[in-house]
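Plus 22 on top of the position in the sequence shown (first one is 1) and you've got my numbering. Each residue gets a CB set at the ideal place from its N, CA and C atoms; glycine is no exception. All values derive from a computational prediction rather than experimental measurement.
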Amino acid sequence: MVRTLLDVRLLLPASAYLAFALLGTSALSVLRPAVPRARRNLEFSRDREKTEETPVIGVAILILSFFPMSNILFPVGTMVAERLLYMPSAGLLISLVGLGHLAALRSNGHLRWAPAIALLLFGVFGALLTLNRVPEWSSPQAITIADGLRQTQSTRAQYNLGNFYLFQKRYDEALSIYEHVISLDPTDHDCMPLFHAGQIQILQGNFSSAKAFLARAATSHFSPLVV
């Protein structure tokens, strides 16, 4: 749960929205001529004009495909949302390539190659991230474990990891995860971690602890978004 304005889970999305806003501003700025066309010393060809429109098209694709799933209009409820970012990623790539092309056209000398080199390095970095992430999608179990071990402050990722351990009958590990989820949710918004913790305590013969967990579960709430 996010409790402070300095929480990285709040700052990262805010930074992403700011980056999208800056990208949109940069893309739209190319459509505004610095001086009237009649006064320009250099006439733009049709190809040049199409090049100037490319970043705007990319930003439009990014915004129109990203905004509906940004949880701003309504809760999406998807825990692992990478598959929702395919179209926004295409829009981002189109915008970056368009802006890089414009920067190269307006640069002189060796600086003309700087945008291409930057885009190449960006592509290599993305490829490395993809190679590292693809094996984690090899099965539902693999992605559950990978995200659970990585996202230690996410109640949903931790809850799913606890469920995995529970189904594997690794009760001690599951109980530890459920207790961690409960500590992340002090308002008992979701009853399921409490319920499963009580189940494990019953299986282990700790009936007094099971009664305490189940009593809290009975007075808490169930979130239909937990998957």
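In three-state terms, what does DSSP make of P97?
Sequence index remark: in the sequence shown, residue 97 carries index 75 (1-based). DSSP places P97 in coil when its eight states are reduced to three.
My output table needs one value for R192: the three-state DSSP class, helix, strand or coil.
Position 170 of the sequence shown, counted from the start, is the residue given in the question as residue 192. Here R192 sits in coil by DSSP.
So the candidates are H211, A43, I222; which of them puts its Cα closest to the Cα of N185?
Against the sequence shown, residue 185 aligns to sequence position 163. With distances taken between Cα atoms, N185 lies closest to I222.
Which word fits T152, buried or exposed, when buried means at least 16 other C-beta atoms lie within 10 angstroms of its C-beta?
On the sequence shown, residue 152 is found 130 positions in, with the first residue counted as 1. The C-beta of T152 has fewer than 16 other C-beta atoms within 10 Å across all chains shown, which makes the residue exposed.
Is the Cβ-Cβ distance between L127 and P77 less than 7 Å?
Here residue 127 is taken as the residue at index 105 of the sequence shown, counted from 1. Here residue 77 is taken as the residue at index 55 of the sequence shown, counted from 1. Not in contact: L127 and P77 (Cβ atoms no closer than 7 Å).
Pairwise C-alpha distance: H132 and V249
In the sequence shown, counting from the first residue as 1, residue 249 sits at position 227. In the sequence shown, counting from the first residue as 1, residue 132 sits at position 110. Caution applies to V249, whose pLDDT of 39 falls short of 50 and renders its modelled position unreliable; the value that the coordinates give is listed next. Answer to the nearest angstrom: the Cα atoms are 53 Å apart.
Do you know whose CA, among V156, F147, A140, lies nearest R105's CA?
Here the question's residue 105 lines up with position 83 in the sequence shown. Ranking the options by Cα distance to R105, first place goes to V156.
Can you list, in chain order, the residues of its chain whose CB lies under 6 Å from that of L28, leaving out five sequence neighbours each side?
Position 6 of the sequence shown holds residue 28. The answer is none, since no qualifying residue turns up.
Taking P110 as part of the alpha helix (DSSP H), name the residues at either end of that continuous run.
Residue mapping note: residue 110 aligns to position 88 of the sequence shown, counting from 1. Per DSSP, P110 belongs to the alpha helix (DSSP H) from 108-127.
Give a yes or no on contact between the segment 196-204 and the segment 220-235, applying the rule of three or more CB pairs nearer than 8 Å.
Below 8 Å, enough C-beta pairs join the segment 196-204 and the segment 220-235 to call them touching: three or more.
Are the beta-carbon atoms belonging to H243 and H202 less than 7 Å from one another?
Mapped onto the sequence shown, residue 243 falls at position 221. Mapped onto the sequence shown, residue 202 falls at position 180. No. Outside cutoff.
Distance check for Y39 and R61, CA to CA, integer angstroms please.
In the sequence shown, counting from the first residue as 1, residue 61 sits at position 39. In the sequence shown, counting from the first residue as 1, residue 39 sits at position 17. Note that R61 scores a pLDDT of 44, beneath 50, so its modelled location is shaky; the value from the coordinates is reported in the next line. For R61 and Y39, the distance between alpha carbons rounds to 37 Å.
For the alpha helix (DSSP H) that contains F89, what are its first and last residues?
For the purposes of this step, residue 89 is taken as the residue at position 67 of the sequence shown. F89 -> no alpha helix (DSSP H), and no H or E assigned at all.
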